[in-house]
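Working notes, beginning with the structure itself.
Residue numbers (this note's numbering): 23 to 552.
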């Protein structure tokens, strides 16, 4: 397997996917530049692979790495850091993203992080000044700054009136500003108009907005469910996509839900305990909630209650799916043990003469159909730990780290191990059986790819089973994504003749079947305030 052409092919395939997604998305600043970027990298990668030009392959791969992959991974990390309120670490990371991909992180967002950093450190005056500046000018930080300012100064009522007037003017002119609509939904929820907030959220979901991340979607649901008095839904969100929130903030949202549910004594005790523990921005929110404890919770009519019940059920279902797909390698000992074994065996290959030496691979247990037919059945398992070159190992190791931890947590350690080795062995057996049936010369086969594709098949089986119970747009999106990955794997196998397409497909099919048999349901812990 030639390393550089394969890397160029991977860059081209990923750029093609990104190009399709960008073309299907609604207009956004820098869209034309993004289209040209994806197109240029895709064409360069395809040409480099077709012509086997190493120089062009390096250009295509490095361009994809620096302009697409690194900003995407860094953006996910940045979102988690902001959620954890670790603004001092988030700021330099945001600056790096802005340098590599300016449209992904404009300068206004850096100033917004500066404002949060001031507030978190107790410098209220500096933070408030920055928020006012950002809220007064058009830009990507305007809505978030205005919402933070309203929460800090307790001016939700005045802000609500201003937003309602602005919306009436926009509707008269046939204009729809999505950020202003989201801010208005928050203001309505804060003021007790739950049904009005839910109506706006539904309008936002129907609008041609860019796809939201699981965290962004969970934050929207959190507001509605907390202000609607639904602590079970809030607990599900805080255990899933919003688990990175500081513990004090999760407790604040649960206390808000208890308060709006009418459990004033319980909420008051929790809020009093939180008051000295939170930063100035959250402290103002705590004080506002404590003032609400002195009066009855806003009444929620039957229509809003029905909407909230449906939203809560959907949120719980989505968070179960989020937990089933979330990757946390440090909490997956079987996955880490398998990864360690792959690395150790690869090091042994290099010490014995090189991982690309067919003689070394055969001696260490590479799959060879005639040898298996002669009784060397141990090769069926040994070949799963061998790899031809560093690229082969790297691709399988990355896939194992991506798919292994969520499946291990969802299935349990023993079932996950059974899935991995079962899919891997069945893929090897299928290759041997096909070789004996077809006859003719037979080559050697190494790699954990059959087992890795089995993990993909099991993840697909889990989504199919969930879909039969209850479907949702988020689940459908993940299902399409996994099917796309499987289709890309088939395309990759067709373009790279050195890989075993039969072994990969057999591993995926075995993983799908085993996944249906071994899967188990995962329940989210109930709210501590219920």
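C-beta atoms are modelled at their ideal positions from N, C-alpha and C, and glycine is treated no differently.
Note that the coordinates shown come from a computational prediction; the quantities given were computed from them, not determined experimentally.
*Taking C-alpha atoms, which residue in 213, 538, 191 and 160 lies nearest to residue 173?*
213
*Would you mind sorting residue 284 into buried or exposed? The rule is 16 or more other CB atoms within 10 Å of its CB.*
exposed
*If you draw a straight line from the C-alpha of residue 59 to the C-alpha of residue 194, how long is it?*
38 Å
*asked:* Is the separation between the beta-carbon of residue 485 and that of residue 497 shorter than 8 Å?
replied: yes
*How long is the line joining the alpha carbons of residue 371 and residue 396, rounded to whole angstroms?*
24 Å
*For residue 390, write down the residues that DSSP places opposite it in a beta bridge.*
466
*State the DSSP-derived secondary structure class of residue 215, mapped to helix, strand or coil.*
coil
_residue 384, DSSP secondary structure in three states_ = helix
*Cβ separation of residue 465 and residue 532, assumed to be a contact under 8 Å, to the nearest whole Å*: Not quite, the Cβ-Cβ distance comes to about 22 Å (not below 8 Å), so this is no contact.
*Quick one: what does DSSP say residue 409 is sitting in, helix, strand or coil?*
coil
*Rounded separation between residue 529 and residue 242 - CA only*: 39 Å
*Decide yes or no for the touch test of the stretch 439-449 against the stretch 384-392: beta carbon pairs closer than 8 Å, at least 3 of them.*
Counting Cβ pairs under 8 Å, fewer than three are found: no touch.
_Residues in the same chain with beta-carbon distance under 6 Å from residue 20, minus the five sequence neighbours each way, listed in chain order, please._
With the chain covering only 23 through 552, there is no way to say anything about residue 20.
*asked:* Against chain B, with Cβ distances strictly below 8 Å, would residue 128 count as a contact?
replied: This model lacks chain B altogether, as it is built from one protein chain only.
*Who are the Cβ neighbours of residue 421 in its own chain at under 6 Å, not counting the five residues just before and after it?*
474
_Can you find the residues in the same chain that come closer than 6 Å, C-beta to C-beta, to residue 70, ignoring five residues on each side of it along the sequence?_
30, 78, 79 and 82
*asked:* By the three-class DSSP mapping on this structure, what secondary structure does residue 58 have?
replied: helix
*asked:* Quick check on residue 378: does DSSP put it in helix, strand or coil?
replied: coil
*Between the Cα of residue 2 and those of 115, 296 and 126, spot the shortest distance and give me the residue it belongs to.*
Summary: the structure shown does not reach residue 2, with the chain confined to residues 23 through 552, and so no result is reported for it.
*asked:* Just to confirm the assignment: which complete alpha helix (DSSP H) runs, minimum length 4, are found wholly within the stretch 301-349?
replied: 302-314 and 324-347
_Identity of the residue in 425, 469, 101 and 440 nearest residue 453 by Cα_ = With distances taken between Cα atoms, residue 453 lies closest to 469.
*What is the DSSP secondary structure of residue 399, reduced to helix, strand or coil?*
Residue 399: coil per DSSP, three-state reduction.
*Stretch pair the stretch 138-156 + the stretch 274-294: three plus CB contacts closer than 8 Å*: no
*For the 8 Å Cβ check, are there 3 or more pairs between the stretch 296-315 and the stretch 180-188?*
no
*Give the C-beta separation of residue 252 and residue 330 to the nearest angstrom, bearing in mind that I take them to be a contact with Cβ-Cβ under 8 Å.*
6 Å
*How would you write the range of the alpha helix (DSSP H) that residue 120 sits in, first residue to last?*
109-122
_Just to check my reading of the structure: residue 307 and residue 364 have Cβ atoms closer than 8 Å, yes? What is that Cβ distance to the nearest angstrom?_
Contact doesn't hold; Cβ gap of about 49 Å is too wide.
*Got a sec? Which residues, its chain only, sit under 6 Å from residue 112 by beta carbon, not counting five neighbours each side?*
So the list reads 100, 103, 104 and 135, once near-sequence residues are dropped.
*Given a cut-off of 8 Å, decide if residue 429 and residue 501 are closer than it, judged by their beta-carbon atoms.*
no
*Helix, strand or coil: which one does DSSP assign to residue 83?*
Residue 83 falls in the helix class under three-state DSSP.
*Rounded to a whole number of angstroms, what is the C-alpha to C-alpha distance between residue 426 and residue 145?*
Put simply, the backbone Cα of residue 426 is about 44 Å away from that of residue 145.
*Going by beta carbon distance, what residues of the same chain come within less than 6 Å of residue 40, once the five residues before and after it are set aside?*
60
*Can you give me the start and stop residues for the alpha helix (DSSP H) that residue 191 sits inside?*
Start and end: 178-195.
*asked:* Give me the residue from 269, 481, 156 and 255 with the minimum Cα distance to residue 280.
replied: 255
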